[in-house]
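Following: one structure in structure tokens, then a few remarks.
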Ligand code: MTE
């Protein structure tokens, strides 16, 4: 979230995604072989999650997906927050090839019966993928509608037999300043960390994501494995995960460590609770129409409580003061 680092003028100009970026994206896709489908793309250098990740194969459709207009793939994969690959929205795509994702492993630690280091294949093999079209709402007041592919995080967590002391789950991104050059700068404390309460982590909407738009995740979107928690601000959706720990105490999260008054642990999308420096009541949907200069003038829509997932998740917070626990 560059808002901590830049003035308003800079944010506004960085939100313009010029036409030539979109055109270059096409050339980039062709050059990297990404447009050829997961199997071929899986063998080329700089492409997302190679041999370690099985091709997406058959992905079933989730019947509850939103039917809102989807954000075009080009926009969703060239306008990103991934500070380890740069702080401008276009940087993650530009620097994506630096992130080598094969081999990849995930360490499972803490309060569980089956801790250990698992290869990515071990993690993914027992799970079949489902396409779920979810909204992603970022704290900077833009949102996208994206077809994600993956499986419920809870199905994965159960396999490691969390104990009764596992009250929270903490996630960590790869720490490697060579592969993630943004880590050479102290923009945040590295590695990027995030956390969920156990019931949030086990909620059926919380997704372990391996693909989007019918292909494996591109690196800038968090290959080979990222989280998507659709009722929370986007920064909870941690990318390129290498460690998952079951813990008893509420874990640190990167943005809370960086600016505790601005970013709380829960970070539920909530139009009634303003960020200390701006309102969260409205959002601007990135839908392909609003690009270039027109994005600045696109009509804003009302932000929905819990990003539109209130029926499913409001019950998790019935005992919580959401103003105090933002
Ligand atoms: N994960 C890591 N490791 N590093 C990051 O900088 N940015 C977060 C989140 N996950 C971030 C991250 C933020 S602020 C947002 S809004 C979402 O990723 C953006 O996801 P997207 O690029 O797929 O839209």
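In my numbering, the protein residues as written are 13 to 338. Positions of the beta carbon are idealized from the N, C-alpha and C atoms, including for glycine. No experiment lies behind these values; they were computed from the predicted model shown.
Item                                                                                                                                                                  : Value
With respect to 8 Å, is the separation between the Cβ of residue 92 and the closest non-hydrogen atom of ligand 1 below this value?                                   : yes
Take residue 268 and list the residues in its own chain whose beta-carbon comes closer than 8 Å to its own, dropping the five residues that flank it on each side.    : 275, 276, 277
Under the three-state reduction of DSSP, which class applies to residue 96: helix, strand or coil?                                                                    : helix
Taking 8 Å as the cut-off, is the beta-carbon of residue 148 closer than that to any non-hydrogen atom of ligand 1?                                                   : yes
By how many angstroms is the C-alpha of residue 256 removed from the C-alpha of residue 330?                                                                          : 27 Å
With a CB to CB cut of under 6 Å and the five nearest residues on each side skipped, what residues in its chain are close to residue 71?                              : 141, 143, 161
Who are the near neighbours of residue 119 in its chain, counting only those whose CB is closer than 6 Å to its CB and skipping five residues on each side?           : 129, 255
State whether the region 233-247 contacts the region 314-325, with contact taken as three or more CB pairs (one from each stretch) at a distance under 8 Å.           : yes
Mark residue 333 as exposed unless 16 or more other C-beta atoms lie within 10 angstroms of its C-beta, in which case mark it buried.                                 : exposed
Looking at the secondary structure, which residues open and close the beta strand (DSSP E) in which residue 182 lies?                                                 : 180-185
Could you give the uninterrupted runs of the beta strand (DSSP E) lying entirely in the region 59-147, keeping only those of 3 residues or more?                      : 117-122, 128-131
Where does residue 336 fall in DSSP's three states?                                                                                                                   : coil
If you draw a straight line from the C-alpha of residue 170 to the C-alpha of residue 311, how long is it?                                                            : 43 Å
Going by beta carbon distance, what residues of the same chain come within less than 6 Å of residue 195, once the five residues before and after it are set aside?    : 96, 189, 202
Report the residue from 204, 121, 231 whose alpha carbon sits nearest the alpha carbon of residue 177.                                                                : 121
Just list the residues that DSSP pairs residue 158 with in beta bridges.                                                                                              : 146
So the candidates are 152, 223, 273; which of them puts its Cα closest to the Cα of residue 66?                                                                       : 223
Given a cut-off of 9 Å on the beta-carbon distance, is the pair residue 158 and residue 83 in contact?                                                                : yes
Count the other CB atoms, across all protein chains shown, that sit within 10 Å of the CB of residue 86; report buried if there are 16 or more and exposed otherwise. : buried
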